[in-house]
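> Under the UniProt record's numbering, the letters of the sequence shown match residues 1 to 548, in that order. Following this message is one structure expressed as structure tokens.
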Amino acid sequence: MHSISLRPFLTSLSLHSQFRIKQPAATIKTWQNFTSQNPRMASLPAEGRALPSKPPAEGKTHGKRPHHNNHGHGRKPAKMRKKEKPAQEGSHEEVLLADVQALLAAQRLTNDAVPTEPKPLPEQWSEIEVDVVELSSTGDGLAKQKGSDHIYVVPFTVPGDTAKVKVYRHLPKEGYTVTDFLSVIKPSPLRDDSRIQCQYFAKCSGCQFQMLDYAEQLRHKRNIVVKAYRNFSQLPPELVPDVLETIGSPLQYGYRTKLTPHFDGPPGQSRRSPKTGFKERPPIGFTPKATRKVLDIEDCPIATDAVRKGLRDERKRLEVEFDKYTKGATILLRESTKRVPKDDTTTQPEENIPEEAEDSIKVETDSYTDYKTCITDNNATSTEYIDDFIFTNPAGSFFQNNNSILPPFTEYIRQHILPPLSSSPEKPIRTLIDAYSGSGLFTITQSSLFPGGSIGIDIAEKSIAFARRNAVLNGLRESQCRFIAADAPELFKSVAAYDPDETVVVLDPPRKGCDASFLAQLLRFAPRRVVYTGHVEGVAVLNRVKDI
């Protein structure tokens, strides 16, 4: 099996990027798959960007947050929290800890010549000023106090910022302190708050990088992959391939085709108490960075126009129907597209217009008109297009939420999925195996390259049913493109007759990566070529690097 490399794509303004592919040379390339945000968002107040906070309750707090309605941005007092657990393998904390340890090690090398006396840590809940020196793979700033080498983790900051923060939790064994961001005292040259397009930025936990230039976001995404190989691959540096520049998203705002805002149950209601219902419409939105209390979100500029309209409509509906609910709920907002070709001469023009056209967002091109609507039923079917390919899915299921990235992304795979032409007498690759195929994105879009056919395999029978439907919608015969519902052991039984030297395997696993059984069988099968793609965020990159 030939080793191959990945290229990062950036599709989000926060830390949710998907996709990384491979190039024939020993290089890694990333795609940024969202842009500068995520399904949730936030924006700083113009004056000083300080988060709203209530005054502390009267009397002493003895190092605990006051017991008022805000609970120090909603976190439990110290006595109510469970004992801290060590960072779990493959977790957000493991990624953050690796960055902190690398920064501490670099500081120790610098300080060998000038030893410094450790400084006492500030009290819990105290407010301090820190200087941000680095951006972690989790999207948080890593900061220091003047005269101290201790590391403070600060959200919504960039290197060069001087920030005012509130001390939340010390982790002495790990060597860092978690803080709540309060305001920027002195902005970094990298920061430009005029770039921020959301009123909830730095309150909502969804987006982290709206203040950053997009090119800087792409550099950061590339660095996530570099650090993941350095920290978790267990490879000597000479065996780690070069990481190429990140390919960005065509859209940085207005790209997200799915949102899932939610609202909590009635105030004061517990699981055992009688279901009393709401007295007014509850806050509908997303979870803020430092609290479990829902932040009411009226609009989300990373969403498509159809999804933003859907959010407004659902908020209006709940203004009237809130009393029908006795508990919290999650709302699905999923874009769906009806495409009408302009050269369709078989019907009258008015017959082509879908029933929902009056309530849709109309997008005109030279060849067709797209009518985009927002679906709120998890069991309904959504439709979207990638170039001329059509895909249907259950509206509540996962499908790449940045449609704008999919045409260049699938084209990039098409250009690199086969090895470069060679004068050596190697067999040509004839067959594609798409593991974790879902509803058939790669199986279908790459099928024309493989005379031996493409086969998609997924454990979810519902996904396979939609994949088969999508193959038919795209005019593909079963000899060209077929799908099997199977787990890992059955997968390799299904392809036992394939010649590994004539086969390429595409892997697009969930965020946790591939399981050990699958990887062991993949190694035994030993395909000629492997294409590995997945999320480019700290945790997901960690798990994919370990797989590789």
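From the three backbone atoms N, C-alpha and C, an ideal C-beta is built for every residue, glycine too.
(1) Excluding the 5 residues flanking A485 on each side, which residues of the same chain have their C-beta closer than 6 Å to its C-beta?
(2) Once you ignore the five residues that flank L121 on each side, which residues in its own chain have a CB closer than 6 Å to its CB?
(3) Could you check whether the stretch 428 to 446 touches the stretch 264 to 280, counting it as contact only if at least three pairs of C-beta atoms, one from each stretch, sit closer than 8 Å?
(4) Helix, strand or coil for R220 per DSSP?
(5) Determine the direct distance from the alpha carbon of G147 to that of C374, and round the result to whole angstroms.
(6) Going by C-alpha distance, which of T177, V495, V184 is nearest P159?
(7) Would DSSP call I464 helix, strand or coil?
(8) Taking 8 Å as the cut-off, does the stretch 92 to 105 touch the stretch 126 to 143 (at least 3 CB pairs, one atom from each stretch)?
(9) Near I459, which residues of its chain fall below 6 Å by C-beta distance, leaving aside the five closest residues on each side in sequence?
(10) For a quick check, are the C-beta atoms of K258 and R308 less than 8 Å apart?
(11) With which residues is P288 paired in a DSSP beta bridge?
(12) Taking the alpha-carbon positions, what's the K144 to G206 distance?
(13) Determine, using beta-carbon pairs with one atom in the stretch 511 to 522 and one in the stretch 441 to 453, whether at least three such pairs fall under 8 Å.
(14) Nearest to E478 by CA position, among G453, A496, D499, F492, is which residue?
(15) Within 10 angstroms of its Cβ, does Q210 collect 16 or more other Cβ (buried), or is it exposed?
(16) Just verifying my parser: in three-state terms, what is the DSSP assignment at P341?
(17) Inspect the beta-carbon positions of K166 and T179 and report whether they are closer than 8 Å.
(18) Excluding sequence positions up to five away, which residues of its chain have a Cβ less than 8 Å from the Cβ of S360?
(19) Can you look up V504 in the DSSP assignment and give me helix, strand or coil?
(20) Would you call T533 buried or exposed, if buried means 16 or more other Cβ atoms sit within 10 Å of its Cβ?
(21) Measuring alpha carbon to alpha carbon, tell me which residue in L244, L473, I457 is nearest V506.
(22) Tell me the DSSP secondary structure of Y229 in three-state form.
(23) Do the CB positions of H92 and T162 come within less than 8 Å of each other?
(24) So, are the CB atoms of N401 and S249 less than 8 Å apart?
(25) Check this for me: beta carbons of residue 603 and D140, under 8 Å apart or not?
(26) With a 10 Å radius around its C-beta and 16 neighbouring C-beta atoms as the bar for buried, classify A496 as buried or exposed.
(27) Can you list, in chain order, the residues of its chain with a C-beta nearer than 7 Å to that of Y498? Leave out the 5 residues immediately preceding and following it.
(28) What is the DSSP secondary structure of H150, counted as helix, strand or coil?
(29) To the nearest whole angstrom, what separates the beta carbons of F181 and V154, a pair I think is in contact under 8 Å?
(30) Give me the Cα-Cα distance between V363 and D388, rounded to the nearest whole angstrom.
Put simply:
(1) The residue labelled residue 485 in the question sits at position 485 within the sequence shown. For A485, the CB contacts under 6 Å within the same chain, skipping 5 residues up- and downstream, are E461, I464 in chain order.
(2) For the purposes of this step, residue 121 is taken as residue 121 along the sequence shown, with counting starting at 1. Closer than 6 Å at the Cβ level, and outside the excluded window around L121, lie H170.
(3) no
(4) Position 220 of the sequence shown holds residue 220. Reading the sequence as shown, one finds His at residue 220 and not Arg. DSSP places H220 in helix when its eight states are reduced to three.
(5) On the sequence shown, residue 374 is found 374 positions in, with the first residue counted as 1. On the sequence shown, residue 147 is found 147 positions in, with the first residue counted as 1. C-alpha separation (whole angstroms): 54 Å.
(6) Numbered from its first residue, the sequence shown carries residue 159 at position 159. Ranking T177, V495, V184 by Cα distance to P159 puts V184 first.
(7) The residue labelled residue 464 in the question sits at position 464 within the sequence shown. I464: helix per DSSP, three-state reduction.
(8) yes
(9) In the sequence shown, residue 459 corresponds to position 459, counting from 1. For I459, where only same-chain residues beyond five positions count, the Cβ hits under 6 Å are D487.
(10) In the sequence shown, counting from the first residue as 1, residue 258 sits at position 258. In the sequence shown, counting from the first residue as 1, residue 308 sits at position 308. No; because the gap between Cβ atoms is not below 8 Å, this pair is not in contact.
(11) Your numbering for residue 288 matches position 288 in the sequence shown. DSSP output for P288 lists C204 as bridge partner(s).
(12) Here residue 144 corresponds to residue number 144 of the sequence shown, with the count starting at 1. Here residue 206 corresponds to residue number 206 of the sequence shown, with the count starting at 1. Rounded to whole angstroms, K144 to G206 spans 25 Å at the Cα level.
(13) Segments in contact, no.
(14) On the sequence shown, position 478 is the one that residue 478 refers to. Ranking the options by Cα distance to E478, first place goes to G453.
(15) Mapped onto the sequence shown, residue 210 falls at position 210. By the 10 Å Cβ count, Q210 comes out buried.
(16) Here residue 341 is taken as the residue at index 341 of the sequence shown, counted from 1. Three-state result, P341: strand.
(17) Here residue 166 corresponds to residue number 166 of the sequence shown, with the count starting at 1. Here residue 179 corresponds to residue number 179 of the sequence shown, with the count starting at 1. With contacts defined by Cβ atoms closer than 8 Å, K166 and T179 form a contacting pair.
(18) Residue 360 sits at position 360 when you count from the first residue of the sequence shown. The residues are A306, K338, P354, Y371, K372, T373.
(19) Position 504 of the sequence shown, counted from the start, is the residue given in the question as residue 504. Strand, per DSSP.
(20) Here the question's residue 533 lines up with position 533 in the sequence shown. Per the 10 Å Cβ criterion, buried.
(21) Indexing the sequence shown from 1 puts residue 506 at position 506. Nearest C-alpha to V506: I457.
(22) In the sequence shown, residue 229 corresponds to position 229, counting from 1. Correct three-state label for Y229: helix.
(23) Here residue 92 corresponds to residue number 92 of the sequence shown, with the count starting at 1. Here residue 162 corresponds to residue number 162 of the sequence shown, with the count starting at 1. It is not a contact, given that the beta carbons lie outside the stated cut-off.
(24) For the purposes of this step, residue 401 is taken as the residue at position 401 of the sequence shown. For the purposes of this step, residue 249 is taken as the residue at position 249 of the sequence shown. No, the Cβ-Cβ distance between N401 and S249 is not below 8 Å.
(25) Nothing can be reported for residue 603: it is not among the residues displayed for the chain, which extend from 1 to 548.
(26) As a first step, residue 496 is located in the sequence shown; it is residue number 496 there, counting from the start. Per the 10 Å Cβ criterion, exposed.
(27) Position 498 of the sequence shown holds residue 498. Only T431 meet the Cβ criterion.
(28) For the purposes of this step, residue 150 is taken as the residue at position 150 of the sequence shown. Three-state DSSP puts H150 in coil, outside helix and strand.
(29) Here residue 181 refers to the residue found at position 181 of the sequence shown. Here residue 154 refers to the residue found at position 154 of the sequence shown. Right, their Cβ atoms sit about 6 Å apart.
(30) On the sequence shown, residue 363 is found 363 positions in, with the first residue counted as 1. On the sequence shown, residue 388 is found 388 positions in, with the first residue counted as 1. Going from the Cα of V363 to the Cα of D388 covers about 15 Å.
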